[in-house]
Each structure stands twice: as structure tokens, then as C-alpha cells.
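K.L.:
Numbering (our numbering), first residue to last: -8 to 157.
Glycine residues also receive a C-beta, built at the ideal position from the N, C-alpha and C atoms.
Sharing a structure here in C-alpha cells format.
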Amino acid sequence: MKTELANPYPGKNCFFCGSGNVHGLHLKFYHDDERCETSAEYVPADHYAGQGDILHGGIQMGLLDEIMGWASFVHTGEMAVTTKMEVQFLRPLYISGQPVRLACRVTGRSGRKVHLQAELVNAENLVCTQAAGIYHILTPEKHAALVRAEDAPRAPHATPKQKAPA
-8 MKTELANPYP GKNCFFCGSG NVHGLHLKFY HDDERCETSA EYVPADHYAG QGDILHGGIQ
52 MGLLDEIMGW ASFVHTGEMA VTTKMEVQFL RPLYISGQPV RLACRVTGRS GRKVHLQAEL
112 VNAENLVCTQ AAGIYHILTP EKHAALVRAE DAPRAPHATP KQKAPA
């Protein structure tokens, strides 16, 4: 079953997911326990185009980074930072007025590192862009120091939601 994830970030000012950011994308994220998948949908605006009506590659990479961060958070219950991300642009992702699907799965974990695979899927259900990432899990104290916050957010469930393959 797919459930909406609550945004745990104080101030909610993140460009991609912050409800308080007037210039942001205001993405809402979901997790499907049966599919072990974190997802979101986004309808790109024309002003995010690169060449022609193709969604700018930097925006695509940001979307992939964001979905991997959320999947890591769901999996571990703690914040993590990107340490490595490899992106493959398979085909143009056109701005068409139709939703783009962001999807991510955790593929493994070793110590404080989470391994993830993510993709951007167009309205024709074709994978346009995919990424593999490694995220480093932060302790609540390190996260609070990094973002200069008194209380680092934790996942509401405070325990891992899914088991990654060994």
C-alpha cells in the first residue's frame, strides 16, 4: 500500500520538497511497502527547460538526488547526505504538461552507507533518466550541526521500513 510521507524538515524550505518555499517544487513523497519503493510525481514547468522543451539536466539530477534522499530516510529513519551519484541520461525527458514519475529503491546497505537506484519515468512509462547513489547516514547530532538546527528530524516510524538486499 502506498502512503504519503510527512515532511520532517524544520522550516520546510527545501527547494524540492519544502511547502514553505515559495519558489520550490512542493513535491510530495510516497512509500509503497509492498514494492519497497519511494516515489513522487512532478509536472515540470516550461521555465525548467534546457534545450528546446527538454527538462534541464540539472533539474533532472536534483529530482533524482531528492528521491534518493527520501528513500534513504524511509529506509534508515535518519537523514543522509549524498556521497556519490552516477546519472545516465537514456532519452530526452520532454516537458509535456504530463507528470514525470520519480521512483527509488534501496539496493543495499553497508554500515552507515545506503546504496540506491532511482529513475525518472515519462508519461509513456519510459525510463528517461536513471541514477545510482551512495548516501552517508548522519547521526541526529551530526545532522543538527550540519543544518544548524537544534533538533534533527527523524522518521516518524524511527525504524527501517524496508529490508535491502544483502
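Please report how far the alpha carbon of residue 85 lies from the alpha carbon of residue 19, in whole angstroms.
P.N.:
Working through the sequence shown from its first residue, we reach residue 85 at position 94. Working through the sequence shown from its first residue, we reach residue 19 at position 28. Going from the Cα of residue 85 to the Cα of residue 19 covers about 21 Å.
K.L.:
Is DSSP giving residue 24 helix, strand or coil here?
P.N.:
Locating residue 24 in the sequence shown gives position 33, counting from the first residue. Judged by DSSP in its simplified three-state form, residue 24 adopts coil rather than helix or strand.
K.L.:
Our contact map puts residue 39 next to residue 31 with C-beta atoms below 8 Å; I'd like the distance itself, whole angstroms only.
P.N.:
Numbered from its first residue, the sequence shown carries residue 39 at position 48. Numbered from its first residue, the sequence shown carries residue 31 at position 40. 15 Å between Cβ atoms; not a contact.
K.L.:
Residues in its own chain within less than 8 Å of residue 77 by CB, not counting five upstream and five downstream?
P.N.:
Against the sequence shown, residue 77 aligns to sequence position 86. Closer than 8 Å at the Cβ level, and outside the excluded window around residue 77, lie 122, 123 and 124.
K.L.:
What did DSSP end up calling residue -7 once you bin it into helix, strand or coil?
P.N.:
As a working mapping, residue -7 is identified with position 2 in the sequence shown. Strand.
K.L.:
Give the DSSP-derived three-state secondary structure of residue 110 in the structure shown.
P.N.:
Numbered from 1 along the sequence shown, position 119 holds the residue referred to as residue 110. In the structure shown, residue 110 sits in a strand (DSSP, three-state: E or B).
K.L.:
In the DSSP assignment, the beta strand (DSSP E) including residue 161 goes from what residue to what residue?
P.N.:
For the chain, the structure presents residues -8 to 157; residue 161 sits outside this window and is missing.
K.L.:
What separation, rounded to the nearest whole angstrom, lies between the Cα atoms of residue 136 and residue 109?
P.N.:
For the purposes of this step, residue 136 is taken as residue 145 along the sequence shown, with counting starting at 1. For the purposes of this step, residue 109 is taken as residue 118 along the sequence shown, with counting starting at 1. Distance between the alpha carbons of residue 136 and residue 109 is about 28 Å.
K.L.:
Nearest to residue 98 by CA position, among 126, 6, 15 and 52, is which residue?
P.N.:
Translated into positions along the sequence shown, residue 98 becomes position 107. If we check each option's Cα against that of residue 98, 126 comes out closest.
K.L.:
On the DSSP bridge assignment, give the partners of residue 127 in chain order.
P.N.:
Taking the sequence shown and counting its residues from 1, the one referred to as residue 127 is at position 136. For residue 127, which the question treats as bridged, DSSP gives the partners 72 and 104.
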